[in-house]
Amino acid sequence: MKLSKYIVKGVALLGIAGSLAACSDFLDEVNYSSQSAEEFFMTASGYENLVIGCYADLRSIYNSKDYINISQLGTDVVTQNFVGSVSPLNQYTVTFDANQGSLNAHWNRLYSALKNVNAAIGRAPDVLTRDQDLDGIDEAVLATRIAEAKFLRALYLFEIVKNWGQGPLLTEEPMAPVYTADMSPASAFYEQILSDLGEAIELLPTRQTGVNYGRASAAAAKHLRALVLLTRGYEDYAAPTDYQNAFNDAIDVINNSGHSLLDDYMQVHRQANQRNDEIIFSIGFSETANNNVNGRHMYYLFPYREGWPGLSKDNYYSNDDASFVPTKYFYMLFDWANDRRAEVTFMSPLNADPATSIDGRNTGKNWFQCTSPVAGRFALGDTVVYFPVPSDPNFKFWTQEDKDAVEFTVYNFPTGDPDDMSQDDYFRNAYQTSNSNTRAFLPVWKFKDANTIYNESNAASGTRNIYLFRLAETYLIAAEAALQNGDNGQASFYLNEVRERAAKVPGSLRKTGTITLDDILDERALELFGEVSHWNDLQRTGRLGERVLAHNWDTANIFGGIQTQLTTGESKFYLRPIPLAWLNTLSNGSEIGNNPGW
5 MKLSKYIVKG VALLGIAGSL AACSDFLDEV NYSSQSAEEF FMTASGYENL VIGCYADLRS
65 IYNSKDYINI SQLGTDVVTQ NFVGSVSPLN QYTVTFDANQ GSLNAHWNRL YSALKNVNAA
125 IGRAPDVLTR DQDLDGIDEA VLATRIAEAK FLRALYLFEI VKNWGQGPLL TEEPMAPVYT
185 ADMSPASAFY EQILSDLGEA IELLPTRQTG VNYGRASAAA AKHLRALVLL TRGYEDYAAP
245 TDYQNAFNDA IDVINNSGHS LLDDYMQVHR QANQRNDEII FSIGFSETAN NNVNGRHMYY
305 LFPYREGWPG LSKDNYYSND DASFVPTKYF YMLFDWANDR RAEVTFMSPL NADPATSIDG
365 RNTGKNWFQC TSPVAGRFAL GDTVVYFPVP SDPNFKFWTQ EDKDAVEFTV YNFPTGDPDD
425 MSQDDYFRNA YQTSNSNTRA FLPVWKFKDA NTIYNESNAA SGTRNIYLFR LAETYLIAAE
485 AALQNGDNGQ ASFYLNEVRE RAAKVPGSLR KTGTITLDDI LDERALELFG EVSHWNDLQR
545 TGRLGERVLA HNWDTANIFG GIQTQLTTGE SKFYLRPIPL AWLNTLSNGS EIGNNPGW
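Just so we're aligned: 314 in my numbering is position 310 of the sequence shown, and the numbers increase by one with no gaps anywhere.
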């Protein structure tokens, strides 16, 4: 990439930084258009804006539907909505190839982000300090900003290596066009990641508060390092101490970071309480223009406007992307009688009460109310679609006779074998209209946002922060590392700490006896649904094929009879294909080839 192109990119970064001005307290918007980019980045304010631009990439990576596609689809807990067509990412069919759009987009966003953090790191020596200029940057602040950039670089490199297992290991800002690429092995990625995180931990404050809330902290870097070490521990190039060191890092964050588990799982996700002690690192959004673009509120909301008289386009429920459906296994994994997380995660009586709902409204009740009156059938506020859930005082299984006796439509909660969803109301080729090709399913509500609106473009309008790291995951990292290190006692302790917090009655969710890897994976799903990459959880632990084929009915029972390729632990699907579109831009792309099987 030529320097002139970089300068254009740098100006674009400043534009991004300006657009983020209200989403975190440390951001501010100032007009610097009178200076060249080269001059500007040498100033204290210019360098600060360059680093802020690096944080902007978090949004493009983790707030994209592409990321949800590759981190949640094709797992044991999330399946597709549109059942009339094959979903390669969910069903691992022969149509899944190196041209997969979401993977290509994720790769491009990660490498774009790498260029930006490398610019922030590489340009730091040219920034004027206070001993050189009265308006220069404080040297301690400069060192902290470099550490923040190294944390972000480690995060992006980890995303690349855990998904693709190899790639160009970029640690410098490219200053000229590049037409060839050198691929580095996973082991080299991990060495760089651990080096960056080690420096970040040494220089960053333990927590970020006040105007710096949203910046990287030592606790965030140590949480990430624990997950990195845990992930490498499963590989044949792992260090023998990886599991122990992962455990040590996790315990240090738990005991010494100042972060703590909240007493109530609902309060973790309560919109009015999103800056809470459990959150280690998050991506900021707000109600101001250009900052209200979080899309997670709509991805798990079924298409309520299709086929039900009485429901219409309305701000009451806002947009419904409806691409992702919890599996029957996931709905039934919860102990609804004892686990508060079930009621927080889904539409439920808890989410019907503004005092306890995650968004402070009553829209999360387990029925959809009329938003467009229909004479003789539905008045405004009447029930149009009803989802009986086990925590409902009037919960029952509705027979066909029961359903025929009411005006509204009822979709029963799944029953029977958790792995066979062929006869359950949620998973049929929805029968609300004769031409519908979507499912009608109990929506996930934990990401709902009181500030969202309906718009014809189906654009995201969420204002809530996205949690990347929170302390409950740190506990589960500790549990998994202890288990892999042969310490069942510690694995049980940290797993049960998370379960005890979720229990409606103390002790009702406690697991006894030997903890298994499947226990850990189930707990990560229950606690962290939609927050972390569950696909990478299954991939890391070698359980992808086993659990998806067992628990994702759509993978083993494909519409049209196309056979899944996800059959063995040696499956090519454990690594993502290197994007063909990127390889085709290189003069040595054919020499690089692709991951095994691709």
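Glycine included, C-beta positions come from ideal geometry on N, C-alpha and C. Bear in mind that the values here come from a model prediction, so they are computed numbers and not experimental data.
query                                                                                                                                                             : result
Under the three-state reduction of DSSP, which class applies to T545: helix, strand or coil?                                                                      : helix
For the segment 155 to 165 against the segment 82 to 96, are there 3 or more C-beta pairs whose distance is under 8 Å?                                            : no
Going by C-alpha to C-alpha distance, which of I457, R503 and T413 sits closest to V388?                                                                          : T413
Taking only the alpha-carbon atoms, compute the straight-line gap between E33 and S461 and give it to the nearest angstrom.                                       : Because the pLDDT at E33 is just 42, under 50, the model does not fix this residue reliably, and the value given afterwards should be weighed accordingly. Rounded to the nearest angstrom, the two C-alpha atoms are 28 Å apart.
Would you identify the three-state DSSP class for I284, choosing helix, strand or coil?                                                                           : strand
From the DSSP output, in three-state form, read off F417 for me.                                                                                                  : coil
Quick one, which of R219, Y578 and L265 has its alpha-carbon nearest R474's?                                                                                      : L265
Please classify P92: does DSSP put it in a helix, a strand, or coil?                                                                                              : helix
Just the Cα atoms here: how many angstroms apart are G534 and D186?                                                                                               : 34 Å
Verify the CB distance criterion: does P330 have a CB-CB separation below 8 Å to chain B?                                                                         : Note that chain B does not occur in the displayed structure, where there is just one protein chain.
Assuming R69 and H301 make a contact with CB atoms under 8 Å, what is their CB distance in whole Å?                                                               : The question names Arg, yet the displayed sequence has Lys at residue 69. That belief does not hold up - the Cβ atoms of K69 and H301 are roughly 12 Å apart, past 8 Å.
Measuring straight from C-alpha to C-alpha, what distance separates A25 and L173?                                                                                 : Interpretation of A25 is limited by its pLDDT of 39, a score under 50 that renders its predicted location unreliable; no figure is taken from the coordinates.
What residue does the beta strand (DSSP E) around T559 start on, and which one ends it?                                                                           : Run containing T559: none in the beta strand (DSSP E); it sits in the alpha helix (DSSP H), W557 to A560.
Buried or exposed: where does E595 fall if 16 or more other Cβ atoms within 10 Å of its Cβ makes it buried?                                                       : exposed
At a cut of 8 Å, does the segment 129 to 145 reach the segment 105 to 116 through at least three beta carbon pairs?                                               : no
State yes or no: is the C-beta of A464 within less than 8 Å of the C-beta of G299?                                                                                : yes
Would you call Y241 buried or exposed, if buried means 16 or more other Cβ atoms sit within 10 Å of its Cβ?                                                       : exposed
Ignoring anything shorter than 4 residues, give me the alpha helix (DSSP H) runs that lie fully in the segment 294 to 333, in order along the chain.              : 300 to 303
Should D80 and N556 be called a contact, given that it needs their Cβ atoms to be closer than 8 Å?                                                                : yes
Should V182 be labelled buried (16 or more other beta-carbon atoms within 10 Å of its own) or exposed?                                                            : exposed
Since V82 is in the beta strand (DSSP E), which residue starts that stretch and which ends it?                                                                    : V82 to Q84
At what residue ranges does the segment 194 to 239 contain a whole run of the alpha helix (DSSP H), taking only runs of 4 or more?                                : 222 to 237
Which of the three DSSP states is assigned to L472 in this structure?                                                                                             : strand
Can the beta-carbon of G126 be found less than 8 Å from the beta-carbon of E195?                                                                                  : no
Exposed or buried, what is S40 when buried is set at 16 or more other beta-carbons lying within 10 Å of its beta-carbon?                                          : exposed
Just verifying my parser: in three-state terms, what is the DSSP assignment at N592?                                                                              : coil
Using the Cβ count rule (16 or more neighbours within 10 Å means buried), how would you classify N323?                                                            : buried
State the Cα-Cα distance for the pair P422 and N592, rounded to the nearest angstrom.                                                                             : 48 Å
Between the C-alpha atoms of W340 and E347, what's the straight-line distance to the nearest angstrom?                                                            : 8 Å
In this structure, what does DSSP give as the bridge partners for T403?                                                                                           : The partner list for T403 (beta bridge, DSSP) is empty, contrary to what the question assumes.
Can you have a look at A409 and say buried or exposed, based on whether 16 or more other CB atoms are within 10 angstroms of its CB?                              : exposed
Here's the rule I'm using: 16 or more other beta-carbon atoms within 10 Å means buried, otherwise exposed. How should V87 be labelled?                            : buried
Span of the alpha helix (DSSP H) holding Y160?                                                                                                                    : E143 to W168
Given that a residue counts as buried once 16 or more other Cβ atoms are within 10 Å of its Cβ, and exposed if not, what is M270?                                 : buried
Please list, in chain order, all residues of the same chain as Q170 whose beta carbon is under 7 Å from its beta carbon, the five residues on each side excluded. : M187, S188, P189 and A190
At the level of alpha carbons, what is the spacing between T568 and K576?                                                                                         : 12 Å
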